[in-house]
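Working notes for the structure below.
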Amino acid sequence: MTDSKYFTTNKKGEIFELKAELNNEKKEKRKEAVKKVIAAMTVGKDVSSLFPDVVNCMQTDNLELKKLVYLYLMNYAKSQPDMAIMAVNSFVKDCEDPNPLIRALAVRTMGCIRVDKITEYLCEPLRKCLKDEDPYVRKTAAVCVAKLHDINAQMVEDQGFLDSLRDLIADSNPMVVANAVAALSEISESHPNSNLLDLNPQNINKLLTALNECTEWGQIFILDCLSNYNPKDEREAQSICERVTPRLSHANSAVVLSAVKVLMKFLELLPKDSDYYGTLLKKLSPPLVTLLSGEPEVQYVALRNINLIVQKRPEILKQEIKVFFVKYNDPIYVKLEKLDIMIRLASQANIAQVLAELKEYATEVDVDFVRKAVRAIGRCAIKVEQSAERCVSTLLDLIQTKVNYVVQEAIVVIRDIFRKYPNKYESIIATLCENLDSLDEPDARAAMIWIVGEYAERIDNADELLESFLEGFHDESTQVQLTLLTAIVKLFLKKPSETQELVQQVLSLATQDSDNPDLRDRGYIYWRLLSTDPVTAKEVVLSEKPLISEETDLIEPTLLDELICHIGSLASVYHKPPNAFVEGSHGIHQHSADQFAIMKQYFSVLQVWLPATKAKGLEIAGTFSRRQGHMYMDMTFINKALQHMTDFAIQFNKNSFGVIPTTPLPIHTPLMPNQSIDISLPLSTIGPVMKMDPLNNLQVAVKNIIDVFYFSCLIPLNIFFVEDGKMERQVFLVTWKDIPNENELQYQIKECHLNADTVSGKLQNNNIFTIAKRNVEGQDMLYQSLKLTNGIWILAELRIQPGNPNYTVTNPFFSTDIVFAAHIARSE
Amino acid sequence: MSASAVFVLDLKGKVLICRNYKGDVDMAEIDHFLPLLLQQEEEGLLSPAITRGNVHFLWIKHSNLYLVATTNKNSNAALVYAFLYKLVEVFTEYFKELEEESIQDNFVVVYELLDELMDFGFPQTTDSKILQEYITQEGNKLEVAKSKVPTTVTNAVSWRSEGIKYKKNEVFIDVIESINVLVNANGSVMSSDIVGSIKLKTMLSGMPELRLGLNDRVLFTLTGRDKGKSVAMEDVKFHQCVRLSRFENDRTISFIPPDGESELMSYRINTHVKPLIWIESVIERFSHSRVEIMVKAKGQFKKQSVANNVEIKVPVPSDADSPKFKTSTGHAKYVPEKNLVVWTIKSFPGGKEFLMRAHFGLPSVENDEKEAKPPITVKFEIPYFTVSGIQVRYMKIIEKSGYQALPWVRYITQSGDYQLRTNS
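Each protein sequence line maps, in turn, to chains A and B.
Numbering-wise, the UniProt record's numbering puts 227 at position 227 of the first sequence, and it's gapless, one number per residue.
Numbering-wise, the UniProt record's numbering puts 199 at position 199 of the second sequence, and it's gapless, one number per residue.
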């Protein structure tokens, strides 16, 4: 007889009957009744009213029955917190049971009962279980600490459970170690103090030992934890890599990916010219390829990660293009990912094979896949110059098939090919023009129009072709309208005599008959240009276009580095940093991301400088920025009062940098109640100077018809760093030497996980320039200069040790204040 | 870290059974899963990870069930999928088949297993042989003897219990090689590889130490042996029981085997393999009237060997009708629901060549929807032979009681993903 019989009772009075059965004298009857209750719970019936009766069955020596009662408790305790207390005694008793299976069951279930009132009763039993003689109980207790932390973090800390967990890392049993690591990692994810997992060389050694002995899942916990460790030098990095590499041969694909993560991360620390570096790179490729013979979901995760790995270290898989060839029965998500990687790996060496494959795919039936295949051919043409001609002829073949979406996609990529190789393939324009009528997608129409406009002088009937688009001008998408406008203007500049009428027509359509501001703006600009200065118009409209880049869809390097640290996780699947999709995440390796976020905030988010309560209803929020060599104070004024406000004015107090507004406050109309206005106030540094404390403090007075209000704000220093702050190399060397040692100042910037090049790039964006870079004993030394608006130069040496997130900055300078200032600017 | 909760759903999206491990994702979220999945499918954007708000559904499908894990963290996705497949494996070993009925028929055990397999989102003991020692299907037996934790659960050897006894000690070793081939329409081999698998059926007493010797090229190079008959394995994957560091150091495959059946290792060989059964096909389509198909199959392996149960599947247009076949051997059958002709040859000796012709009528009014171009696929099995030439040189079995044990080896080569694209 199977359990399905328990699902069949469906009559009225069922609950009542169950109640009676639960209180039956016979043990067997009670067990049957509990099974019925669980069955009812499984199909979604509310059986919470039976709580006391079920809990009464808890005191039993029958393990199966006990498990069922526990299961019931986990489900309903939350809805019956007062009654859940009834179960506490049993738990405490079960934690003392001679049978370790029952002790573990009790400690496991306890943690799942998420009722605050109960938790305090659980501390003593948990403490005992953490020191239990049976490893099965200890490994369960380790996880229970994480559960409890989730319910009441403070209590877990106060009770010293975190220390007990840390002690378990040295446990003799590998399973216990693995669970302790997992629990600590989980806790540290939500813990502000992320130094929980004290990763020192001794602990690392313990983890590496346990790695060889614990279950496959335990190996994953340990590997994921190891990947957060920063080895102190390359020797340590190499020795960890050596002990992690054997995991690449594990049958479990998740173990393999977690090992790949550790290795990819630590590769960064190994010297590129060492033999070991090369050996390790070679070892990474076969396991990655093998992942592609796994289940489709595993393949998908593998492919998304390979996509990252290929961008980070293309040399690993450059020989393996064939394994990414698409199979007929691959699920669509696998097909699309393989295609993406094929393009990334395409090179002169394999382009013939790749093209043959892509052509094959372009004749499949799945529309999305076919489109992507056609696009891929275009990308190959742009990426591998030698193949461009082959790609173009392949695309022409595809256009001949007349399959509508293939033709349209092909025309879009051909436009890009024209952009990349101007004046090379115009002979095919005639063929393209034949397909004009079949184009119904905006992208394709715009591409075709662009081509006609760009090569108008070689197309005899260009005017007719463009005119044909003009008829339904207002039904076109904005993209097509804009392109058409430009194309006709180009045509006019090339063949002015025949197309005067046409250009008039399009200009009036764009400026007079359209309500799209972009279109009208562009129309007016062309109109004025053409009517005032045709020569300049030619220079502007027919200017040489910058070449398009080969790899347009590369992931930004800092994001790529972050994603590499998350190999195997959802972040690597989505290609998004965890904080983009997880609420309140601060994982161990998210510091750089956090800092990045803060930096962005610093620039873009307005701070409330003057709250409405202090200014009779006027609220001012603002920030500072530097754009195209000018400084601005960007502000939003909000009227939260009941009357309108007029007569605005602004004034600054004397300040360290002599900042003054260069124009009056540009608010010319009254600000109505509940209305807000965004303004940008240009600034200069020609005003009176007075040293402020802190240095970048600015005191502001704002006046309106009601009153005068005062507030102060801090100016981010980087807006004072001027664009020409790059010192001549020679000058730098001389100046650096001339500065006496006693003027040198050193400090550290903590927890910054960027490499030298990224740092250099980021700083350059803020007008801090790298003059020279050298590598001394594995450390990157960056020599930098910046110039302030007042003409003062600041020089610095930035020392970056691979793997050490703390940077050392040496400033050989005289004014400590300025050094302090530079520090602020940098730590952003 | 991984899953907040795990669900088993039927095809309509109804929850058959579930387990909430962490309580940080609303269990009602699962109601959105199937509608989202269907929507993605419709848009052609199907993905194994579906997002709704801050909840992520990671799912797999098995027969008529969906197994879904939910999370709102940056979970280890590789681990979650591996775990879901492990669930399927464990349930299948418990209930023979994993389907709607078996879940309902065994819901008490399923709950017990879910409790044991994962704790707070961390996978725990997932070895079904060990689980079966303390979670049995008949709960009544449980209270008597087996209510102790088998020490195996937390042992470093977590896959084999102590005290196993056999009268006759034997190991059966199956070496199975699958050939994957992708051939282009013009007859050039686009990609090919061999995926090998060594499976054990262990019937040994006690805690035996085993060592497997293969003609592994890296090992031969290390020991300075003649490389002539060795095989270069591109990548090797081992069962949990094999000491990976030992293999990494000196290529020794040493282990304490799990009892009964298990896959000890798998390997991949990247060498260019000659397709063992070569297919040439001509598919001529005369619009509005007929399709003529000619398929020639050639056995490109040793004359002494024989391929068994060969199945050659040739695609035909979906609107084809009135099939006629002629074969030089075996028989051909039309499978209209799959738009295929299946040509079956029970025994196909090496070096031989066979021919099949098929003729189909086509309707005069043509279907103007574009049809997919499925490849020709081939299935076969060749016993007593490995295409790579891999050999088991020895299997050393040492147990402290000192018994003699016999290893038996069997070789077989079969088709894996074997596809030949057609021109039509």
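Just so it is clear, CB atoms sit at the ideal spot from N, CA and C, and this is done for glycine as well.
All values reported here derive from a predicted model rather than from experimental measurement.
Note down the Cα distance separating residue i from residue j, rounded to an integer number of angstroms.
i              : j              : result
residue 571(A) : residue 139(A) : 29 Å
residue 392(A) : residue 527(A) : 37 Å
residue 408(B) : residue 112(B) : 38 Å
residue 599(A) : residue 783(A) : Residue confidence is low: residue 599(A) scores 33 on pLDDT, short of 50, so the model does not pin down where it sits. Its coordinate-derived value is still stated next. Their backbone Cα atoms lie some 23 Å apart in a straight line.
residue 366(B) : residue 40(B)  : 31 Å
residue 372(A) : residue 260(A) : 29 Å
residue 15(A)  : residue 47(A)  : 7 Å
residue 119(B) : residue 402(B) : 41 Å
residue 681(A) : residue 515(A) : 30 Å
residue 631(A) : residue 716(A) : 11 Å
residue 427(A) : residue 366(A) : 31 Å
residue 258(A) : residue 330(B) : 49 Å
residue 156(A) : residue 398(B) : 49 Å
residue 300(A) : residue 72(B)  : 20 Å
residue 701(A) : residue 795(A) : 35 Å
residue 286(A) : residue 263(A) : 14 Å
residue 177(B) : residue 271(B) : 13 Å
Spell out the partners DSSP gives residue i in its beta bridges.
i              : result
residue 265(B) : 198(B) and 238(B)
residue 119(B) : 122(B)
residue 306(B) : 349(B)
residue 713(A) : 698(A)
residue 250(A) : 238(B)
residue 18(B)  : 7(B)
residue 359(B) : 292(B) and 324(B)
residue 774(A) : 781(A)
residue 71(B)  : 56(B)
residue 645(A) : 671(A)
residue 650(A) : 702(A)
Are any of the Cβ atoms in chain B nearer than 8 Å to that of residue i?
i              : result
residue 834(A) : Residue 834(A) lies beyond the residue range present for chain A, which begins at 1 and ends at 828; the question has no answer from this structure.
residue 179(A) : yes
residue 149(A) : no
residue 568(A) : yes
residue 662(A) : no
residue 327(A) : yes
residue 250(A) : yes
residue 157(A) : no
Comparing alpha-carbon positions, which option in the options lies nearest residue i?
i              : options                          : result
residue 129(B) : 248(B), 258(B) and 397(B)        : 258(B)
residue 171(B) : 96(B), 415(B), 410(B) and 416(B) : 410(B)
residue 74(A)  : 480(A), 38(A) and 359(A)         : 38(A)
residue 191(B) : 87(B), 197(B), 199(B) and 180(B) : 180(B)
residue 199(B) : 233(B), 151(B) and 262(B)        : 262(B)
residue 530(A) : 494(A), 682(A) and 424(A)        : 494(A)
residue 280(A) : 250(A), 460(A) and 240(A)        : 240(A)
residue 387(A) : 423(A), 422(A) and 350(A)        : 350(A)
residue 361(B) : 218(B), 239(B), 286(B) and 33(B) : 286(B)
From the beta carbon of residue i, is the nearest beta carbon of chain A less than 8 Å away?
i              : result
residue 257(B) : no
residue 44(B)  : yes
residue 322(B) : no
residue 239(B) : yes
residue 275(B) : no
residue 375(B) : yes
residue 23(B)  : yes
residue 235(B) : yes
message: List, from N- to C-terminal side, the alpha helix (DSSP H) runs of 4 residues or more that fit wholly inside the segment 519–581 of chain A.
response: Every alpha helix (DSSP H) stretch that sits fully inside the segment 519–581 of chain A and reaches 4 residues is listed by chain position as 534–541, 557–564 and 570–574.
field: Minimum length 4: unbroken alpha helix (DSSP H) runs contained in the segment 46–133 of chain A
entry: Counting only runs of 4 or more, we get 51–56, 63–76, 81–94, 100–112 and 116–130.
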